[in-house]
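Visitor: Quick one: the structure is below, questions incoming.
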Amino acid sequence: MNFPNVDHVINYDLPTPENLVQYIHAVGRTGRAGNAGLATSFFDPFGPDSLLAKSLIVILEQSMQFVPEFLRDIVRHQQRIAEQCEQYQHSDTYEEIGLECEPTTSKECLNLNYNDTW
61 MNFPNVDHVI NYDLPTPENL VQYIHAVGRT GRAGNAGLAT SFFDPFGPDS LLAKSLIVIL
121 EQSMQFVPEF LRDIVRHQQR IAEQCEQYQH SDTYEEIGLE CEPTTSKECL NLNYNDTW
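Quick note: this note's numbering has the sequence shown finishing at residue 178, numbered continuously throughout.
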C-alpha cells in the first residue's frame with residue numbers, strides 16, 4: 061500500500077519477532093522521497109514486546125535513528141536475568157532466589173522481584 065503525504069505512522073501493536081519486517085515496512089510509510097516522517101509505537105516492556113528490544117535496537121542503529129534508553133535497559137535486564145538463571149540452573153527451586161526459569165533454557169526467564177520504574 062502507498063498513501064501519499066503520510067508524515068506520522070502509529071503502531072498500536074508491534075509484530076512478533078518472526079514478523080519484524082512488517083514493523084519496518086509500516087514505519088517506512090513515513091519520510092518517503094526525502095521527506096521527514098515520524099513513527100510512534102506502543103511498547104509493553106512487561107509483555108511480549110520485550111522480546112523485540114534487542115532487534116529494535118539493531119534496526120534503529122542501522123537506520124541511524126534515536127534509540128530510547130528504556131530499550132537498552134530492557135536488554136541489560138534480560139542479560140542479567142539470563143546470567144542469574146544460568147548461575148542457579150541446578151537449584152531445586154528457583155522461587156527461593158526470586159526467579160522463574162524454565163529448566164531447559166535461561167532464555168525463558170523472568171525476575172519476579174523486578175521493581176524498576178520506567
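Cβ atoms here follow ideal geometry from the backbone N, Cα and C, with glycine treated the same way.
Which whole runs of the alpha helix (DSSP H) in the stretch 106 to 148 are 4 residues long or more, in chain order?
Guide: DSSP runs (the alpha helix (DSSP H)) wholly in the stretch 106 to 148: 113 to 122, 129 to 147.
Visitor: Could you tell me whether the Cβ of E78 comes closer than 8 Å to any Cβ of chain D?
Guide: Checking the listed chains, one finds no chain D in this structure; it contains a single protein chain.
Visitor: List the endpoints of the continuous beta strand (DSSP E) containing L98.
Guide: Unbroken beta strand (DSSP E) run through L98: 98 to 101.
Visitor: Which one or two residues does DSSP pair with V49 in a beta bridge?
Guide: Residue 49 falls outside the range modelled here, since the chain spans only 61 to 178, and no answer is possible.
Visitor: Mind checking which residues open and close the alpha helix (DSSP H) that includes L80?
Guide: Taken as a continuous stretch (DSSP letters only), the alpha helix (DSSP H) holding L80 covers 80 to 87.
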